[in-house]
Every structure is written in structure tokens, then in C-alpha cells.
Amino acid sequence: MSSYNFDQVVNRRGTDSAKWGYFPEALPLWVADMDFRSPQPILDALTERVEEGVFGYALELPELKEAIAARLANRYDWQVTPEEIVFLPGLVSGLNAVSRAIGAPGDGILVNTPVYPPFLTAPENQGRELHAAEQRAEEEGGTLRYTIDFDALETAIRPNTRMFILCNPHNPTGRAYIREELERLADMAARHDLIVCSDEIHCELILDDVKHIPLASLGPDVAARTITLIAPSKTFNVPGLGLSAAIVPNAELRKQLEQGMAGIVPHCNLLGMHAALAAYTQCDDWLAELLAYLRANRDYAVDYIARHMPNLRTTVPEATYLLWIDCRGAGLENPQQFFLEEAGVALNDGTAFGQGGEGFVRLNLGCTRATLKEALDKMTAALG
Ligand SMILES: Cc1ncc(COP(=O)(O)O)c(C=O)c1O
Numbered sequence: 023m024s025s026y027n028f029d030q031v032v033n034r035r036g037t038d039s040a041k042w043g044y045f046p047e048a049l050p051l052w053v054a055d056m057d058f059r060s061p062q063p064i065l066d067a068l069t070e071r072v073e074e075g076v077f078g079y080a081l082e083l084p085e086l087k088e089a090i091a092a093r094l095a096n097r098y099d100w101q102v103t104p105e106e107i108v109f110l111p112g113l114v115s116g117l118n119a120v121s122r123a124i125g126a127p128g129d130g131i132l133v134n135t136p137v138y139p140p141f142l143t144a145p146e147n148q149g150r151e152l153h154a155a156e157q158r159a160e161e162e163g164g165t166l167r168y169t170i171d172f173d174a175l176e177t178a179i180r181p182n183t184r185m186f187i188l189c190n191p192h193n194p195t196g197r198a199y200i201r202e203e204l205e206r207l208a209d210m211a212a213r214h215d216l217i218v219c220s221d222e223i224h225c226e227l228i229l230d231d232v233k234h235i236p237l238a239s240l241g242p243d244v245a246a247r248t249i250t251l252i253a254p255s256k257t258f259n260v261p262g263l264g265l266s267a268a269i270v271p272n273a274e275l276r277k278q279l280e281q282g283m284a285g286i287v288p289h290c291n292l293l294g295m296h297a298a299l300a301a302y303t304q305c306d307d308w309l310a311e312l313l314a315y316l317r318a319n320r321d322y323a324v325d326y327i328a329r330h331m332p333n334l335r336t337t338v339p340e341a342t343y344l345l346w347i348d349c350r351g352a353g354l355e356n357p358q359q360f361f362l363e364e365a366g367v368a369l370n371d372g373t374a375f376g377q378g379g380e381g382f383v384r385l386n387l388g389c390t391r392a393t394l395k396e397a398l399d400k401m402t403a404a405l406g
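Below, the structure is given as C-alpha cells:
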């Protein structure tokens with residue numbers, strides 16, 4: 023029996039929502055937040071803190087660092103100490119701070135495309151070169167599955183490459199990398215003496231019977247060269263509250279990161295810390311039901327698209343609530359614009375995700391089934 027009603031419609035128009043406000047005429051299935059209310063313990067923690075009525079500079083909550091360490095130990099058998107955790111206001115600022123902290127201007131940063139757009143802009147924002155390698159997409163039973171092209175990665179590494187930014191689980195391909203893939207990445211990083219920034223923001227959104235494996239949990243060598251970025255924001259739908267964390271077991275690397283952040287990255291958000299503490303300690307039953315709902319949304323969308331839009335091909339994301347759709351078979355010049363203008367459905371434009379994104383769109387499954395159905399019906403009608 024389910025205790026939470028993810029079919030409940032929350033009217034987000036006119037609520038300061040970027041997702042619903044940016045394309046006011048369209049049904050928005052683009053930017054990665056969900057249309058669901060956050061779990062009640064988060065609302066209660068926020069209410070309690072708001073009622074105090076004073077919002078001065080905050081101390082970092084030690085119990086939040088302890089809760090994060092306990093969660094990583096319980097879920098992944100990854101032992102982290104509270105001192106190894108550095109709070110950040112968001113992962114995009116984390117990606118930029120790390121890009122700024124590692125190496126020197128003119129050094130290179132390696133990424134695996136197509137990938138979440140700030141992976142492409144953070145290195146350049148910080149005066150680094152972007153070294154990109156495309157992933158391999160293979161068709162499996164009519165759907166697409168992505169794997170890491172290790173030869174392409176090795177070829178993209180140059181003498182000045184200092185860091186690899188990994189996305190695991192991967193946005194937009196929905197892959198949760200298996201141990202063997204991660205071990206090969208760790209080996210590559212060691213051979214080329216690369217620091218790895220592992221963005222694991224989607225690690226709790228696992229839809230299939232697969233396990234998330236934090237890269238740094240593979241062993242002390244890889245842990246010593248890895249900065250892992252996590253947040254409760256995607257999982258518990260609190261991205262507007264600005265609280266994330268970097269886990270940096272290597273004290274020297276932690277110092278470099280803190281220097282990269284100094285004077286630029288603001289204090290962590292007081293309300294975000296209270297929401298994160300509630301999320302990480304009191305919301306696992308909500309999360310289990312959320313995952314069941316998202317899995318059903320994914321299966322519904324993959325099946326619907328195969329039956330009604332046969333010229334499109336989708337991934338079957340094993341993690342994340344993001345569906346990556348290949349529209350090249352439909353002969354559309356600009357699929358994002360087509361679906362926005364002809365269907366009234368706002369999706370993400372694949373070209374923003376770098377090489378391998380041309381002809382693709384990304385659809386956000388974090389909505390009610392009714393919204394998802396309405397969007398898919400409109401897309402089908404627009405394709406005729
Ligand atoms: C892989 C990845 N990293 C980072 C972010 C954004 O993080 P934040 O909102 O904390 O800046 C997202 C949001 O979609 C994401 O998918």
C-alpha cells in the first residue's frame with residue numbers, strides 16, 4: 023500500500039518555479055526538478071527553523087556531516103569522516119570551484135560527452151581547456167545503451183590534462199556505471215595522474231536492480247585522487263535550497279578545493295542544511311515510493327514512445343529521472359524547438375550536452391503520470 027500520492031497535482035505556475043515559468047505557454051519537462059512536494063519531515067524541519075525568525079550566518083551543522091557519513095557507510099559501505107566533507111551551495115559551483123582549484127590556467131579537463139552542460143562550461147569559465155571524448159551508444163532491442171569509450175578517452179588525454187570530471191549516475195544517459203567500468207576509470211586516472219571529480223548527485227535515484235558504487239569507495243588510491251560531489255537536491259526535490267557537499271579524503275586536495283572556493287563561494291544555506299538533515303535521516307520510506315513511481319513513469323514513457331513515436335529512440339535510464347531521446351530518425355532540424363513550438367512541450371536541447379547530443383532531446387520524468395501522458399500525447403500529435 024502506498025502512503026504517498028505522487029499523482030497529486032501541485033500547481034506550480036506562478037510559484038517562482040524556473041521550470042514552469044521559463045516557457046509559460048508550454049508543458050515543461052525540461053530542467054531537472056520534480057513536480058512533487060518534498061517529504062513532510064523536510065517541510066517540518068524548515069517550518070521549525072523558519073519559526074525561529076532569525077536567519078543570521080550559520081555554523082555548519084555537525085550532525086549533518088555525521089548524517090552524511092553514516093548514510094555513505096550504510097548505503098555503499100564507504101567510510102568517510104565528517105572532516106572529509108566540505109559543504110557547497112550547489113554542485114554547479116562545486117564543478118567550477120574544483121575546475122579552478124586543480125592545476126593551473128591553461129591545463130586541460132577531460133569530460134565524457136554527451137554530458138550535463140556545466141561540465142562543458144565550468145572548465146572554460148575557469149580558464150582551463152576542455153578535452154572531450156564521446157561515449158559509445160549502442161542499440162539494444164530498439165533502445166539505446168551508452169558505454170564508456172575508453173579508447174576515445176585515452177586519445178583525448180593530453181600532456182596538460184589534469185582532471186577528469188565523471189558523472190555517475192550519468193546525466194543524460196541514465197547509466198549507473200558498474201564496478202568494472204569504474205575500475206578501468208580509476209586505472210586510467212592513476213596511469214595519467216589525473217584528479218577525478220565525480221559528480222554523484224543522482225546516486226540515490228536508482229531505478230533498476232543495480233547498485234550505485236561511489237568511485238572513491240573502490241580503494242585508498244582512487245579515494246586519494248577523487249573529489250566526490252553529492253547533494254540531497256535531486257533525490258528529495260530541494261534544489262532551490264542550495265546545499266551540497268564535496269567529499270575529499272585527501273587533506274592536501276581538500277585544502278586546494280577550499281582555496282579554490284575562498285572568497286567566492288558563499289556560506290552554506292541555513293535552511294538548506296536543515297532540509298538536508300531531515301532528508302538524510304527521516305525520508306527513506308518516501309524515497310522508496312518515489313523510486314517506484316519514477317520507474318513506472320520511465321517504463322510508461324519508453325513503451326509509449328516505442329509504440330506511438332517509432333522514429334524516436336530512447337534510453338532506458340537505470341538511474342536518474344531523465345530520458346534521453348534520439349530524434350534523428352524523425353528528420354527534425356531542431357527537435358527541441360519543434361516540440362516546443364509544435365507540441366507545446368519544453369524539453370532540453372541535446373546540443374547543449376556537447377558532442378553526441380545533436381538531434382537529441384532530454385525529457386524529465388519527474389512529474390505526475392497525467393502530465394507525462396499529456397506531454398507524450400502532444401508530442402505524438404505534433405509528429406503526426
Ligand atoms: C549531474 C548534475 N550535476 C549538477 C547538477 C546541478 O546541481 P546544483 O543545482 O546543485 O548546482 C545537476 C542538475 O541537474 C546535474 O544533473
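Residue numbers for the sequence shown follow the numbering used here, so the first one is 23 and each next one is one higher.
By construction, the Cβ of each residue, glycine as well, lies at the ideal position given by its N, Cα and C atoms.
Notebook entry, point to check: What are the start and end residues of each continuous beta strand (DSSP E) run of 3 or more residues lying completely inside the segment 135 to 206, in chain order?
Noted result: If we require 3 residues or more, the beta strand (DSSP E) runs fully inside the segment 135 to 206 come out as 151 to 156, 158 to 162, 165 to 169, 183 to 189.
Next item on the list: Assign Gln-281 to buried or exposed, taking buried as 16 or more other Cβ atoms, counted over all protein chains shown, within 10 Å of its Cβ.
Entry: exposed
Notebook entry, point to check: From what residue to what residue does the beta strand (DSSP E) around Arg-384 run?
Noted result: 382 to 386 is the span of the beta strand (DSSP E), which, as asked, contains Arg-384.
Notebook entry, point to check: Under a Cβ-count criterion, where at least 16 other Cβ atoms within 10 Å of its own Cβ denotes burial, should Pro-191 be classed as buried or exposed?
Noted result: buried
Check: For Leu-251, which of helix, strand or coil comes out of DSSP?
Finding: strand
Checklist line | C-alpha gap between Ala-211 and Phe-186, whole angstroms | finding: 8 Å
Next item on the list: Can you give me the start and stop residues for the alpha helix (DSSP H) that Trp-100 sits inside?
Entry: Note, Trp-100: premise wrong, no alpha helix (DSSP H); not H, not E.
Notebook entry, point to check: Cβ atoms of Thr-195 and Thr-337: under 7 Å apart, would you say?
Noted result: yes
Note to self: Classify His-289: buried if its beta carbon has 16 or more other beta carbons within 10 angstroms, exposed otherwise.
What the structure shows: So His-289 counts as exposed.
Margin query: Just to confirm, is the Cβ distance from Asn-182 to Asn-147 under 7 Å?
Written below: Not closer than 7 Å, so no.
Checklist line | Own chain, CB closer than 8 Å to Gly-294, minus 5 neighbours either side, in chain order | finding: Pro-111, Val-260, Leu-263, Gly-264, Leu-265
Check: Distance, Cα to Cα, Asp-29 vs Arg-59?
Finding: 11 Å
Note to self: Measuring only the C-alpha atoms, how far is Pro-271 from Glu-105?
What the structure shows: 8 Å
Notebook entry, point to check: Do you know how far the Cα of Gly-164 is from the Cα of Leu-86?
Noted result: 44 Å
Check: Three-state secondary structure (DSSP) at Arg-34?
Finding: Coil, per DSSP.
Notebook entry, point to check: Taking C-beta to C-beta, are Cys-349 and Pro-339 nearer than 7 Å?
Noted result: no
Next item on the list: Using the Cα positions of Gly-388 and Ala-123, report the straight-line distance between them to the nearest angstrom.
Entry: 34 Å
Next item on the list: Could you give the DSSP three-state label for Leu-132: helix, strand or coil?
Entry: Strand at Leu-132.
Item checked: Member of Asp-57, Glu-363, Arg-197 whose CA lies at the smallest distance from the CA of His-234 -> Arg-197
Checklist line | Nearest residue (CA-CA) to Ala-7, options Leu-292, Pro-236, Val-244, Ala-397 | finding: Since the first residue of the chain shown is 23 and the last is 406, residue 7 is not available in this structure.
Check: Touch check for the segment 25 to 39 and the segment 310 to 321: three-plus C-beta pairs under 8 Å?
Finding: Yes: at least three Cβ pairs fall under 8 Å.
Next item on the list: Indicate the three-state DSSP secondary structure (helix, strand or coil) for Leu-110 in the structure shown.
Entry: Of the three classes helix, strand and coil, the one that applies to Leu-110 here is strand, per DSSP.
Note to self: Less than 7 Å between C-beta atoms, sequence neighbours within five positions excluded: which residues of the same chain meet that for Lys-256?
What the structure shows: Ala-54, Ile-223, His-224, Leu-227
Check: Start and end of the alpha helix (DSSP H) containing Tyr-308?
Finding: Just to set this straight, residue 308 is Trp in the shown sequence, not Tyr. It spans 306 to 330 - the alpha helix (DSSP H) in which Trp-308 sits, taken as one unbroken run.
Notebook entry, point to check: So which residues put a beta carbon under 6 Å from any heavy atom of ligand 1, going in chain order?
Noted result: Those satisfying the condition are, in chain order, Ala-54, Gly-112, Leu-113, Val-114, Tyr-138, Cys-189, Asn-193, Asp-221, Ile-223, Ala-253, Ser-255, Pro-261, Ser-266.
Checklist line | Presumed contact (8 Å Cβ cut-off) between Leu-299 and Gly-116, rounded CB distance | finding: At roughly 19 Å, the Cβ-Cβ gap does not stay under 8 Å, so Leu-299 and Gly-116 are not in contact.
Notebook entry, point to check: In this structure, does DSSP put Leu-344 in helix, strand or coil?
Noted result: strand
Item checked: Under the three-state DSSP convention, the category Ile-90 falls into -> helix
Notebook entry, point to check: Between Cys-305 and Leu-204, what straight-line distance do the alpha-carbon atoms span, to the nearest angstrom?
Noted result: 29 Å
Check: So is Thr-135 buried or exposed if we call it buried at 16+ other beta carbons inside 10 Å?
Finding: Counting the other CB atoms within 10 Å of its CB gives Thr-135 a total of 16 or more, which places it among the buried residues.
Next item on the list: Pull up the DSSP beta-bridge partners for Arg-276, would you.
Entry: The partner list for Arg-276 (beta bridge, DSSP) is empty, contrary to what the question assumes.
Check: Per DSSP, Thr-336 forms a beta bridge with which residues?
Finding: Ile-347
Notebook entry, point to check: According to DSSP, what are the bridge partners of Ile-217?
Noted result: Met-185
Check: Helix, strand or coil for Ile-223 per DSSP?
Finding: coil
Notebook entry, point to check: Would you say Asn-370 and Trp-42 are within 7 Å of each other, going by their C-beta atoms?
Noted result: no
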